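Visitor: First the structure, then my questions, so here it is.
Number of protein chains: 2
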Amino acid sequence: MKSVKLGFNVSSPFIVAFLFALISTFGLLTPGVAQTDPLPSWNEGPTKAAILEFVKATTEEGGLKFVPPEARIATFDQDGTTWVEQPMYTQVMYCLERVPELAEKKPELKTIEPFKTVLSGDREAMAKLPKKELEEVLAATLTGMTVDEFTAEVRPWMEKAKHPRFKRLYRELTYLPMLEVMRLFRDNGYKTYFVTGGGQDFVRVYSEVTYGIPPEHVVGTAGAVQFSYDQTGKPILTKEPKLLLNDDKAGKPEGIHLVIGRRPVAAFGNSIGDKQMLEYTQAGDGPRLMMLVHHDDAEREYAYGPDSKVGTFPDALMEEAKGKGWIVISMKNDWKRIFAFD
Amino acid sequence: MKSVKLGFNVSSPFIVAFLFALISTFGLLTPGVAQTDPLPSWNEGPTKAAILEFVKATTEEGGLKFVPPEARIATFDQDGTTWVEQPMYTQVMYCLERVPELAEKKPELKTIEPFKTVLSGDREAMAKLPKKELEEVLAATLTGMTVDEFTAEVRPWMEKAKHPRFKRLYRELTYLPMLEVMRLFRDNGYKTYFVTGGGQDFVRVYSEVTYGIPPEHVVGTAGAVQFSYDQTGKPILTKEPKLLLNDDKAGKPEGIHLVIGRRPVAAFGNSIGDKQMLEYTQAGDGPRLMMLVHHDDAEREYAYGPDSKVGTFPDALMEEAKGKGWIVISMKNDWKRIFAFD
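Quick mapping for you: the protein sequence lines, in order, are chains A and B.
Position 9 (the first sequence) corresponds to 9 in our numbering; numbering is contiguous.
Position in the second sequence counted from 1, then plus 342, gives you our numbering.
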């Protein structure tokens, strides 16, 4: 073996080890994909670069944009931002599919509306239910039981219910690129919170195993619970049909204040319901990152915008995003891979 | 130097180093006080031992009482549990002392009750104010401003207002033994939360610097906030006179569910207002620790119980504690030192 000429006198094995270390460090052994890319499901481009740059800048000690660890709060909408929300929010699917079991216990429901329509299985008729009647279904399936009973009802449903188009469990319909973003933030000392219009108790059932977001980091639409004792004297919490927090639109910053008490430095959403959360985030001092997922990929997921009832993304929101420097994520162009099963 | 006879043949410096290491490890260099005692302000005895044993048992990997890190939640009442609450809750003192500044801005208050009485400075008359009138003072001083304005009002007060008996800043009246307990729990992977009847926004102003408890770990009595825009278009949150959560008695487990969403494994209180939190904590599976601070030290702090309006500790609570294995902390006997300035 001939010694490599480097202009200084060291033994060949040392040079080999040194070069190997150099190559490993800069990822030259696997050209194209750096081994340490924390966002492998994102296509290269300004969107991915903006996320990486933000995390780097806010965690670089001594840097101008440094954010101290205790202030590192990143908030994420759930439906449409971290998992599929079409054709209907997962929680609404749960409520509708829960009605048959409910009617077994309370047979009188079988003959009265809106339960009769839901039990008919006629999806078209269900879709036409007025908001007030849909709310009756939600109240009947989401309240009246203890918190522990509710968890015990949701958990098995999450393990068997499947999405009508993808024929997959709902928790498999999480967006891989967003799971990567959440992990990237957490790996850099950020606390990641859900701030979702979905029910806080519903999301808490699966958020830790599905997203790595613990129950105490779920801000969601919340009803009151009432403390009392069961027949054996054991303390219980019962879910009441009384709304405490409607965690949508203006309710999002209000919920953030209630549960977190700090302004986020990064916020991710996908619809008009996230507008106020992004505005509130941006209004703080120092570096901020505001992003909106845009559903423009009918082939791999869905394409919808101003006219969709679920996840409405009006033109005015797109204008506001452009005007204020919020970054719009194109599902079609920015995401190399959407689901883990892809 | 004569070699120490140990029955084996090693050089003297080695033995000295070995003995030194041994002595350091077991704290023999400072007899009486082990250098590594995490609870130096506690007297030796069953109370201190119970705390140390609980933390050890719940964090010992493979042990029967092991609690996984994500489930390690410890909740603390504030007034009377981690700082002085006599002769009146600190926040009520704030509200009363805030009235003069309020009357400067709104002179019409000077002639109407209950503000007239508060402005008179007559403490006896103030103490006699009916609950409803006191609530008017609280509403006037705790609502109507933005969250940021409120913080800016509370912060300087906390830096200058002094306790009538101790002539010390309120934040100096924290109990050293409880600060040590909080730190011990945190050092062992527990999240420490306040669950206080005090105002959530009030406590958040100083909880991080005073107790090491960040804003997102403060569960407290909470009013609604309303999102809107100021004249410049900047998003603001305004404190509304509408109660969302009365974080006292049954409201404590309800608030724990709302903000944390997990049952605590350890809970600390000092009065009838903490009863339900301790019951709820105990009702969970696995190891649990429930403790009540009993104020029986009129000399160093205060002695009060069933007849006190502030921090009521009825005989029935003492009975319940005994019957259920809750540990009552005797301030007089269990605490070697109460305040950092002692």
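Each residue gets a CB set at the ideal place from its N, CA and C atoms; glycine is no exception.
Computed from a prediction, not measured in an experiment: that's the story for all the values here.
Rounded to the nearest angstrom, what separates B/Ala682 and B/Ala608 at their Cα positions?
Guide: Computed Cα separation, rounded: 25 Å.
Visitor: Under three-state DSSP, which class holds A/Phe202?
Guide: In this structure, A/Phe202 counts as helix in the three-state DSSP scheme.
Visitor: State the Cα-Cα distance for the pair A/Asn377 and A/Arg72, rounded to the nearest angstrom.
Guide: What the structure shows of chain A is the stretch from 1 to 342, and residue 377 of chain A is not part of that stretch, so it cannot be assessed.
Visitor: Against chain A, with Cβ distances strictly below 8 Å, would B/Glu621 count as a contact?
Guide: Yes, B/Glu621 lies at the interface with chain A (some Cβ there is under 8 Å from its Cβ).
Visitor: Whose C-alpha, out of B/Thr538, B/Val670, B/Gly565 and B/Arg604, is nearest the C-alpha of B/Gly615?
Guide: B/Gly615 has its Cα closest to that of B/Thr538, out of B/Thr538, B/Val670, B/Gly565 and B/Arg604.
Visitor: Is the CB-CB distance between A/Tyr193 and A/Val209 below 8 Å?
Guide: No, these two residues do not count as a Cβ contact at 8 Å.
Visitor: Please name the residue, chosen from B/Pro506, B/Leu438, B/Met487 and B/Arg510, that lies closest to B/Glu477 on a Cα-to-Cα basis.
Guide: If we check each option's Cα against that of B/Glu477, B/Leu438 comes out closest.
Visitor: Over the uninterrupted alpha helix (DSSP H) stretch that includes B/His599, give me the two end residues.
Guide: Here the alpha helix (DSSP H) through B/His599 covers Gly593 to Val601.
Visitor: Could you name the residues of chain B that A/Lys324 contacts, counting a contact when the two beta carbons are closer than 7 Å?
Guide: None at all; the shortest Cβ gap to chain B is about 11 Å.
Visitor: Can you tell me where the alpha helix (DSSP H) holding B/Ala467 begins and where it ends?
Guide: That run of the alpha helix (DSSP H) goes Arg465 to Ala469.
Visitor: Kindly indicate the opening and closing residues of the beta strand (DSSP E) around B/Ile555.
Guide: No beta strand (DSSP E) holds B/Ile555; DSSP gives it neither H nor E.
Visitor: Does DSSP put B/Leu586 in a helix, a strand or coil?
Guide: Three-state DSSP puts B/Leu586 in a strand.
Visitor: Which residues does DSSP list as the beta-bridge partners of B/Ala564?
Guide: Bridge partners of B/Ala564: B/Leu587.
Visitor: Do you know how far the Cα of B/Asp676 is from the Cα of B/Thr389?
Guide: Computed Cα separation, rounded: 7 Å.
Visitor: At what residues does the alpha helix (DSSP H) containing A/Ala71 begin and finish?
Guide: Where A/Ala71 is concerned, there is no enclosing alpha helix (DSSP H), given that its DSSP letter is neither H nor E.
Visitor: Pull up the distance between the alpha-carbon of B/Val460 and that of B/Glu475, whole angstroms please.
Guide: The straight-line gap from Cα to Cα measures roughly 11 Å.
Visitor: With distances taken Cα to Cα, identify the nearest neighbour of B/Val489 among A/Leu258, A/Tyr190, A/Thr143 and A/Lys324.
Guide: The shortest C-alpha separation from B/Val489 is found at A/Leu258.
Visitor: Quick one: residues in its chain with C-beta nearer than 7 Å to the C-beta of B/Gln433, no 5 flanking neighbours on either side, listed in chain order?
Guide: Result list for B/Gln433: Gly540, Gly541 and Phe544, in chain order.
Visitor: Tell me which residues share the same chain as B/Gln670 and place their Cβ nearer than 6 Å to its Cβ, disregarding the 5 neighbours each side in the sequence.
Guide: The sequence given here has Val at residue 670 of chain B, not Gln. So the list reads Leu634, His636 and Ala663, once near-sequence residues are dropped.
Visitor: Please report the straight-line C-alpha distance between A/Met290 and B/Gly647, rounded to a whole angstrom.
Guide: Each residue's alpha carbon lies about 52 Å from the other.
Visitor: Closest to A/Trp42 by CA distance: which of A/Gly286, A/Tyr175, A/Arg288 and A/Ala250 is it?
Guide: That would be A/Tyr175, whose Cα lies nearest to the Cα of A/Trp42.
Visitor: Take the Cβ of A/Thr111 as the centre, count every other Cβ of all protein chains shown within 10 Å, and call the residue buried at 16 or more, exposed below.
Guide: Result: exposed.
Visitor: Using only the alpha-carbon positions, how far apart do B/Tyr571 and A/Arg183 sit?
Guide: Approximately 33 Å between the Cα atoms of the pair.
Visitor: Determine the burial state of B/Ser366: buried for a count of at least 16 other Cβ atoms within 10 Å of its Cβ, exposed for fewer.
Guide: In this predicted model, B/Ser366 has a pLDDT of only 46, less than 50, meaning its place in the structure is not dependable enough to derive any value.
Visitor: Restricting to runs no shorter than 3 residues, where is the beta strand (DSSP E) found entirely within the stretch 56-118 of chain A?
Guide: With a minimum length of 3 residues, the continuous beta strand (DSSP E) runs that stay inside the stretch 56-118 of chain A are 73-76.
Visitor: Given B/Ala481, which residues of its chain have a CB within under 7 Å of its CB, disregarding the five upstream and five downstream residues?
Guide: So the list reads Pro583, once near-sequence residues are dropped.
Visitor: Could you tell me the distance, in whole angstroms, from the CA atom of A/Asp79 to the CA atom of A/Pro214?
Guide: Cα to Cα, the separation comes out at about 17 Å.
Visitor: Three-state secondary structure (DSSP) at B/Lys581?
Guide: Strand at B/Lys581.
Visitor: Between B/Pro685 and chain A, is any beta-carbon pair separated by less than 8 Å?
Guide: Here chain B has residues from 343 to 684 only, and residue 685 of chain B is not among them.
Visitor: At the 8 Å Cβ level, is B/Phe396 part of the contact set with chain A, yes or no?
Guide: It does not: the Cβ of B/Phe396 has no partner Cβ on chain A nearer than 8 Å.
Visitor: Between the beta-carbon of A/Val347 and the beta-carbon of A/Leu317, is there less than 8 Å?
Guide: Outside the shown range of chain A, which is 1 to 342, sits residue 347 of chain A, and nothing can be said about it.
Visitor: I'd like to know if B/Ile555 contacts chain A, where contact means its C-beta is closer than 8 Å to some C-beta of that chain.
Guide: False, the Cβ-Cβ gap to chain A never drops below 8 Å.
Visitor: Whole angstroms are fine: how far does the CA of B/Lys470 sit from the CA of A/Tyr190?
Guide: About 49 Å.
Visitor: When we look at the beta-carbon of A/Leu64 and count the other beta-carbons within 10 Å, is it buried (16 or more) or exposed?
Guide: It counts as exposed.
Visitor: Say whether chain B places a C-beta atom closer than 8 Å to the C-beta of A/Val259.
Guide: At least one chain B Cβ lies under 8 Å of A/Val259.
Visitor: For B/Phe508, which residues of its own chain have a beta-carbon under 7 Å away from its beta-carbon, when the five flanking residues on both sides are left out?
Guide: Excluding positions up to five away in sequence, the list reads Leu515.
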